[in-house]
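Working notes for the structure below.
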Amino acid sequence: MRVLSRNLVWHLKNHVLRGAVLAGGGGGGSVRWQQTAPRVATGRSLVPNEPEGPKVVTSSIPGPVSQQKLQELAQFQESRAVQLFVDYERSLGNYLVDVDGNTLLDIFTQISSLPLGYSHPDLLNLLNDPMNIKAFINRPALGSFPGTDWPERLQNSLLQVAPTGLQHLCTMACGSCSNENAYKAIYIWYRTKERGGEINFTQEELESCMINQAPGCPSYSLLSFTGAFHGRTMGCLATTHSKAIHKMDIPSMDWPIAQFPQYKYPLEEHVRENQEEDRKSLEEVEDLIHKYKSMGKPVAGIVVEPIQSEGGDNHASPEFFQKLQQIGKRTGAALLIDEVQTGGGPTGKIWCHEHFDLPEAPDIVTFSKKMMTGGYFCKEEFRPPQGYRIYNTWMGDPSKVIMLEEVIRVINRDHLLENVMETGEVLMKGLRELQQQFPQHISAVRGRGTFIAFNGSESAKRDKIIGKLKMLGIIQGGCGESTLRLRPALIFQPHHAHIFLERLETVLSEI
Ligand code: PSZ
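Put into structure tokens, the structure is as follows:
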């Protein structure tokens, strides 16, 4: 009943009262999120025929069909992380439809990896081109047998959005393998520098590397930050520190880990304390770099997320990143910015580090998720001096790059970065108001674009909010200790934001 009446309120606001400034009503709670005419106007929803709003038809989620499927799957696969089964046939735009027929507004988008939501018509349309169909079924080993159009494909996709100053790239399949190979590129670069331009290996190097010993396998290290997430493969995992469950029982490397700045929010009210956090963190970075050098494990690179995502949406200032870059330059360590989760537009720029005004490009930028393909951009000196050193079977997938080309075209055509900024403003304003109204439940609203988060009062309360939102038709994710994060697609518009805010208000007034 409650859901039905909420749907009705939503319908009124979006169809009857669209463009008007609402001053009250809304089932007990006041509706203060002003509806203004959208600046990005291409009809109501950017994806035609999207559902009108969320609709929950089962008394619990996962519903009975999802539960039954889960039992089937669990017979032969560990499936405890499965939340529900999805009807991808019926999911569209910002709405995920599950196998029980629940229509859910998706603000988590497959762990932040859908740039254009579900079944975007322009992506579907790619399959009408017979050339594309061949690309989808003939998957090449790109490092050795790329198709005729591969250079052109990369020019028309990844290189169109390459960060300024990074004109070289390597494609990979996922975020972890992008980081893993970027780490290798850093070590190769570092050792090549040490050899002083000599590109031939010594016999001793050739033999020792085969048995994991120096000098062929030097003991270099990579500096990462507390709370970081860079993937779960062995090298990446050594730099991941967000949750113990990721790391338990896996042997790892003793590499330096510096404390990431622990900011207070809102940023404008805590400038002094946050600057002090930057200072402490950067001082530790320098200390660790010196310490590890004297231990015989020189730091070849620094890896950092522009906004720590899995670790709890922890921000750091542009000055922090500028100074981090300076430290890297001074000590001879490369700077790798991991844009796997932030890249592709959710912060209102294609790359989050564009917000930082770095005096020059970082050395390597890794990507995946919304970029459809994994990979990294790098400076020329990060290309290994020999071939076949950064390589694997697929090295990505042309079909994903074809999709990315279309995604970039749609981002430009539909002004999706502007849409992200506009929707982000609506979300931030609404969340700040809710934070004032319910300070006992939520705090620390923060974000860039629609890459937004806020804290619950504690981990169990956060999970409760997520659970109740789901029953009101909203899929939202958690991260860190007690944080709720928004990771909508780039097609998430102000009217979707209003549905979310309204339902969050209901949840907060009920818990
Ligand atoms: O639990 C997990 O394994 C999750 S939940 C979210 C992610 C992984 N994100 C992946 C990720 C990332 O956010 C950053 C900043 N860097 C690297 C990765 C690894 O990417 P994948 O998962 O594609 O290997």
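Residue numbers for the sequence shown follow this note's numbering, so the first one is 28 and each next one is one higher. Cβ coordinates follow ideal geometry from the N, Cα and C atoms, glycine included. What you are looking at is a predicted structure, and each value in this text was computed from that prediction instead of being measured.
A straight-line Cα-Cα distance of about 8 Å links L294 and N301.
Proximity of the region 243-254 to the region 316-330 meets the contact definition, three or more beta-carbon pairs being nearer than 8 Å. Judged by DSSP in its simplified three-state form, T533 adopts helix. Here DSSP, grouped into helix, strand and coil, assigns D156 to coil. Judged by DSSP in its simplified three-state form, S235 adopts helix. Inter-segment contact for the region 411-426 and the region 161-173 is present: three or more beta-carbon pairs are separated by less than 8 Å. A check of alpha carbon separations from K497 across P75, P81, S72, E77 identifies P81 as the nearest. DSSP places S470 in the uninterrupted beta strand (DSSP E) bounded by 469-475.
Rounded to the nearest whole angstrom, the CA to CA distance from G504 to M237 is 44 Å. With respect to W421, A200 sits close: the two C-beta atoms are nearer than 9 Å. Look at G401: its beta carbon is less than 8 Å from one of the heavy atoms in ligand 1. According to the DSSP assignment, N482 belongs to the beta strand (DSSP E) that extends over 478-483. For N446, the secondary structure class from DSSP, reduced to helix, strand or coil, is helix.
Spanning the alpha carbons of T374 and E234 requires a straight line of approximately 47 Å. At least one heavy atom of ligand 1 lies less than 8 Å from the C-beta of I138. Residue selection by CB proximity (closer than 6 Å to any heavy atom of ligand 1) returns I138, C201, G202, S203, N206, F256, H257, G258, R259, E332, S336, E337, D365, V367, Q368, S395 in chain order.
In its chain, beyond the 5 residues on either side, P142, L143, M399 have a beta carbon closer than 7 Å to the beta carbon of V434. Comparing C-alpha distances from V392 to each of A361, P386, D384, P411 shows the shortest one belongs to A361.
Under the three-state reduction of DSSP, T219 is assigned to helix. C379 carries a helical assignment under DSSP once its states are collapsed to helix, strand and coil.
If only complete runs of 3 or more residues are kept, the region 392-450 shows the beta strand (DSSP E) at 401-405, in order along the chain.
Within the region 227-284, complete beta strand (DSSP E) segments of at least 3 residues are found at 248-252, given in chain order.
About 6 Å separates the beta carbons of E508 and G339, which is inside the 8 Å limit, making them a contact pair.
When DSSP states are grouped into helix, strand and coil, I334 belongs to the strand group. In this chain, the beta strand (DSSP E) harbouring A361 covers 361-365. Residue burial annotation: R357 is exposed, with fewer than 16 other C-beta atoms found within 10 angstroms of its C-beta.
N341 has Q335 as its beta-bridge partners, per DSSP. The region 307-321 makes no contact with the region 265-279: fewer than 3 CB pairs, one atom from each, lie closer than 8 Å.
Relative to the Cα of H525, the nearest Cα in the group M455, S118, G370 belongs to M455.
Judged by beta-carbon spacing, I501 lies beyond the 9 Å limit of G120, meaning their Cβ atoms are not closer than that value. Here DSSP, grouped into helix, strand and coil, assigns C204 to helix.
Between Y319 and P278, the C-beta gap is not smaller than 9 Å, which leaves the two residues out of contact.
In the three-state DSSP reduction, I538 falls in the coil class, being neither helix nor strand. Annotation note: the region 107-160 contains the following uninterrupted alpha helix (DSSP H) runs of length 4 or greater, listed N- to C-terminal: 136-139, 148-152.
Here L100 has S106 as same chain residues with Cβ atoms under 6 Å from its own Cβ, once five neighbours each way along the sequence are excluded.
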